[in-house]
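Asker: Structure provided below as structure tokens; questions to follow.
Residue numbers (this note's numbering): 1343 to 1517.
What follows is the structure, encoded as structure tokens:
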């Protein structure tokens, strides 16, 4: 995971900045009534810089780092449940607040507000105490990134399945 390699705070802050930048691009497109390509560029920016799932996984990893030890099982579950409850709360309140913003200010306000929230989240993570995780490896090699990247992992998965399928086909043909 990227947060294991680069640190929880850095990854969460970088992803929050990427999300905020993407939301700001979409807000700019909505404000100036530009082409739909602005929305596409905003969404692409959010996806390329991690997206909400990387942000959430960094949060869970950060919480997990602070709840280690023999009695941490119940504490960790309670903290994870709190994060889940906050996510569900935002999922319920977000559309209501978004509807009010659209009605009073327009669509751009929703995206601008989201950009502001992500900027605040990035600031919180940058000011948070460092995670008590082991230090990252001293030197990051290109080979490490290339071998552990998602497209390479997907290609390796399909390569293994082809071997499995060939094995199944040969077993069926011999039967």
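Cβ coordinates follow ideal geometry from the N, Cα and C atoms, glycine included.
Small disclaimer: the values here were computed from a predicted structure and weren't measured.
Go through its chain and collect everything with a Cβ distance to residue 1373's Cβ below 7 Å, but skip five positions before and after it.
Answerer: 1450
Asker: Could you give the C-beta distance for residue 1391 and residue 1356, rounded to a whole number, given that I count them as a contact under 8 Å?
Answerer: 7 Å
Asker: Does the Cβ of residue 1427 have 16 or more other Cβ atoms within 10 Å, making it buried, or fewer, making it exposed?
Answerer: exposed
Asker: How many Å lie between residue 1417 and residue 1447 at the Cα?
Answerer: 42 Å
Asker: Spatial neighbours of residue 1457 within its chain, please: CB distance less than 7 Å, with the 5 preceding and 5 following residues excluded, ordered by chain position.
Answerer: 1362, 1365, 1366, 1369
Asker: Helix, strand or coil: which one does DSSP assign to residue 1467?
Answerer: helix
Asker: Exposed or buried, what is residue 1345 when buried is set at 16 or more other beta-carbons lying within 10 Å of its beta-carbon?
Answerer: buried
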